[in-house]
């Protein structure tokens with residue numbers, strides 16, 4: 033399938049299946065991906081602009097943050113060591129740093145600077161090499177794995193840093209969801225070329241059930257269907273895109289109650 037970078041450059045890329053059925057990859061991948069993130073509208077890296085759009089985003093983000101924290105709280109003990117990999121501007125770490133011993137890694141310099149200013153108890157690290165092997169109780173990646181080109185390499189690194197029975201918690205968009213099928217090439221969660229990989233639920237099961245990992249639970253991210261659908265309608269240049277987005281987001285969630293194919297899914301994965 034050929035898909036445009038609707039967000040920034042309008043360049044066209046292709047999404048093709050990898051050797052793992054249900055895992056797709058963006059091609060050709062630009063040599064310099066950094067420039068595709070250089071926009072003041074890239075909301076995960078820019079905070080407190082005061083616009084109505086961002087105020088709404090931040091309001092809904094609070095529900096998601098509490099939901100994610102509760103997942104950790106059910107799986108981990110108080111003050112367990114947690115690394116948020118690709119922590120952005122530090123919103124999730126700020127939300128959990130009173131309950132856990134927290135670390136963050138963020139390659140984008142402006143986002144990293146914002147995180148450092150925001151966090152009081154979390155240690156921001158430059159890379160995984162500064163973390164002792166088998167020292168972490170959990171590693172979280174909230175909509176990060178899809179951005180990583182050297183996927184197997186980084187999963188192997190995570191494996192070494194986690195304690196035995198440690199947790200890897202990954203949230204990614206689900207390209208088998210109703211909204212993905214409905215919007216097709218306009219589906220905002222393809223987000224090429226920033227999203228290097230694209231995962232279905234079956235693809236993630238194949239990727240994360242092996243000799244190293246045990247897929248324990250799959251949880252939905254309900255609000256993602258609304259945000260992604262609104263953005264997809266915007267890319268289609270629909271009038272009143274936010275109303276249509278809310279409608280199709282609700283339809284996607286309703287259909288997923290039976291199928292389990294929510295717009296975004298959280299995978300709770302145990303290290304063997």
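Numbering (the working numbering), first residue to last: 33 to 304. Beta carbons: idealized from backbone N, C-alpha and C, even for Gly.
Status (buried if at least 16 other CB within 10 Å, exposed otherwise) for residue i
| i | result |
| --- | --- |
| residue 196 | exposed |
| residue 42 | exposed |
| residue 135 | buried |
| residue 130 | exposed |
| residue 291 | exposed |
| residue 34 | exposed |
| residue 66 | exposed |
7 angstroms Cβ shell around residue i - same chain, five flanking residues per side excluded
| i | result |
| --- | --- |
| residue 191 | 244 and 303 |
| residue 273 | 262, 265 and 266 |
| residue 40 | 68 and 71 |
| residue 223 | 39 |
| residue 247 | 237, 240, 241, 299 and 301 |
| residue 127 | 97 and 101 |
Closer than 8 angstroms to chain B by CB, residue i
| i | result |
| --- | --- |
| residue 200 | Going by chain labels, chain B is absent from the structure shown, which holds only one protein chain. |
Beta-carbon proximity list for residue i, same chain, < 6 angstroms, skipping 5 on both sides
| i | result |
| --- | --- |
| residue 285 | 254 and 257 |
| residue 181 | 228 |
| residue 49 | 56 |
| residue 277 | 261, 262 and 265 |
| residue 189 | 160 |
| residue 133 | 111 and 113 |
| residue 36 | 42 and 44 |
| residue 249 | 300 |
Three-state class that DSSP yields for residue i in the structure shown
| i | result |
| --- | --- |
| residue 249 | strand |
| residue 201 | strand |
| residue 100 | helix |
| residue 242 | coil |
| residue 274 | helix |
| residue 165 | coil |
| residue 285 | helix |
| residue 128 | helix |
| residue 144 | helix |
| residue 118 | coil |
| residue 16 | In this structure the chain extends from 33 to 304, so residue 16 is not present and cannot be described. |
Euclidean distance between Cα positions of residue i and residue j
| i | j | result |
| --- | --- | --- |
| residue 108 | residue 97 | 16 angstroms |
| residue 166 | residue 193 | 5 angstroms |
| residue 90 | residue 238 | 34 angstroms |
| residue 216 | residue 54 | 16 angstroms |
| residue 140 | residue 179 | 12 angstroms |
| residue 241 | residue 93 | 30 angstroms |
| residue 281 | residue 287 | 10 angstroms |
| residue 235 | residue 299 | 12 angstroms |
| residue 269 | residue 116 | 35 angstroms |
| residue 51 | residue 184 | 13 angstroms |
| residue 187 | residue 62 | 22 angstroms |
| residue 59 | residue 219 | 17 angstroms |
Cβ-based neighbour list, residue i, same chain, cut-off 8 angstroms, excluding 5 preceding and 5 following
| i | result |
| --- | --- |
| residue 289 | none |
| residue 99 | 253 |
For the 8 angstroms Cβ check, are there 3 or more pairs between the segment 190–205 and the segment 164–176?
With a cut-off of 8 angstroms, the segment 164–176 and the segment 190–205 count as touching, because enough Cβ pairs lie within range.
When you compare the segment 280–295 with the segment 209–227, are there three or more beta-carbon pairs, one atom per stretch, that lie closer than 8 angstroms? Yes: at least three Cβ pairs fall under 8 angstroms.
Between the segment 138–156 and the segment 227–241, do three or more beta carbon pairs fall short of 8 angstroms? Flag = no, the segment 138–156 and the segment 227–241 do not touch.
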